[in-house]
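Numbering (my numbering), first residue to last: 11 to 323.
Glycine included, C-beta positions come from ideal geometry on N, C-alpha and C.
Reading through the structure tokens given below for one structure.
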């Protein structure tokens, strides 16, 4: 039996979502999910997004965290709509499941349009527009804590397959995470001099909609957060998408950013730390392994693959 009245006024659902019982909203989601026409993508490796009305979409799944919803809503409130659109968040909640990992639900604005996967556009033209959007994101400053609003562990291309495991409560914590991995190359990074700004970090084509008025909308804020601005340059090289699009996007974002030599070195080091995370397991002793003596007590590891030289102006 559904947990909502049968004549639900769907035209006003955006006003009701903040106050309806969670069980009713879950029933709405499950009934819409059963109708394949409401699915907004068919990628089995991506957490599902379901349209439950003409104005509301729902993202649901393990790992849909409160920080994602809060950061998306912050972006909606602070970014210039003339440059980029962001779906408004109406409601977020978690439901405890049988596992230790709760299921998160984001009820958000549904914005009609086609993703960049569905349209035939010149990569260079769209990449220049996205580089402008990245610059707009970088005008939104964060505080002293990296990552998403409300904290939490981090997911995404730059953190390895399993994410960060630990929560970063300061830039020093992020430095520690990176330097444990960079020790394999006898390198170090210090991100303290760089302000934290809003970054999306997952600009693949399925996460970008072209709207009827020719504006662009950014979807899926699961990798987003506040980081030094060059994190967007690093992430653009790692996204899971068509090769020609990745190259075009990476070049456009990097050229627009006009990084200093020190910032380019930071990008190089971030990408090497990512490579180490994909190759080795660091987490079992992450909470306790804080000193140089601890690190040196580990058994020797095989070398990383050959690396390209550090960038120079």
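Checklist entry - With distances taken between CB atoms, is the gap from residue 364 to residue 173 smaller than 9 Å? => result Because residue 364 is not part of the residues shown, which for the chain are 11 to 323, the question remains open.
Item to check | Cβ neighbour criterion (16 or more within 10 Å) applied to residue 300 | outcome: Here residue 300 scores only 45 on pLDDT, less than 50, and its place in the model should not be relied on; the value that follows carries that caveat. Burial call: exposed.
Item to check | Where residue 271 falls, given that 16 or more other Cβ within 10 Å makes a residue buried | outcome: exposed
Item to check | Residues near residue 281 in its chain [Cβ-Cβ closer than 6 Å; skip 5 each side] | outcome: 244
Checklist entry - Ordered along the chain, which non-local residues of its own chain (more than five positions away) have a Cβ less than 6 Å from that of residue 86? => result 96, 98
Item to check | CB of residue 65 within 9 Å of CB of residue 23, strictly | outcome: yes
Next on the checklist: Does residue 24 come out as helix, strand or coil in the three-state DSSP assignment?
Outcome noted: helix
Checklist entry - From what residue to what residue does the beta strand (DSSP E) around residue 3 run? => result An answer regarding residue 3 cannot be provided, because it is not within the stretch 11 to 323 covered by the chain.
Checklist entry - What are the start and end residues of the alpha helix (DSSP H) that includes residue 269? => result Per DSSP, residue 269 belongs to no alpha helix (DSSP H) and is neither H nor E.
Checklist entry - Given a threshold of 16 other Cβ atoms within 10 Å of its Cβ, counted over all protein chains shown, does residue 228 qualify as buried or as exposed? => result buried
Checklist entry - Buried or exposed: where does residue 153 fall if 16 or more other Cβ atoms within 10 Å of its Cβ makes it buried? => result By the C-beta density criterion, residue 153 is exposed, having fewer than 16 other C-beta atoms within 10 angstroms.
Checklist entry - When DSSP builds the beta bridges, which residues end up paired with residue 227? => result 95, 219
Checklist entry - How many Å lie between residue 192 and residue 278 at the Cα? => result Whole-angstrom Cα-Cα distance: 11 Å.
Item to check | Given 8 Å, three or more beta-carbon pairs between the region 138-145 and the region 251-263 | outcome: yes
Checklist entry - Thinking C-beta only, is residue 76 closer than 9 Å to residue 114? => result Against a cut-off of 9 Å, the Cβ pair of residue 76 and residue 114 comes out as a contact.
Checklist entry - So, helix, strand or coil for residue 29, using DSSP? => result Coil, per DSSP.
Checklist entry - Can you tell me whether residue 238 is buried or exposed, with buried defined as 16 or more other CB within 10 angstroms of its CB? => result buried
Checklist entry - According to the neighbour-count rule (16 or more other Cβ atoms, all chains shown, within 10 Å of its Cβ), is residue 165 buried or exposed? => result buried
Item to check | Opening and closing residue of the alpha helix (DSSP H) in which residue 85 lies | outcome: 76-88
Checklist entry - How many angstroms separate the CA atom of residue 92 from the CA atom of residue 63? => result 26 Å
Checklist entry - From what residue to what residue does the alpha helix (DSSP H) around residue 246 run? => result 241-246
Checklist entry - Under the DSSP definition of a beta bridge, which residues are partnered with residue 104? => result 114
Checklist entry - Where does residue 180 fall in DSSP's three states? => result Note: residue 180 maps to coil in three-state DSSP.
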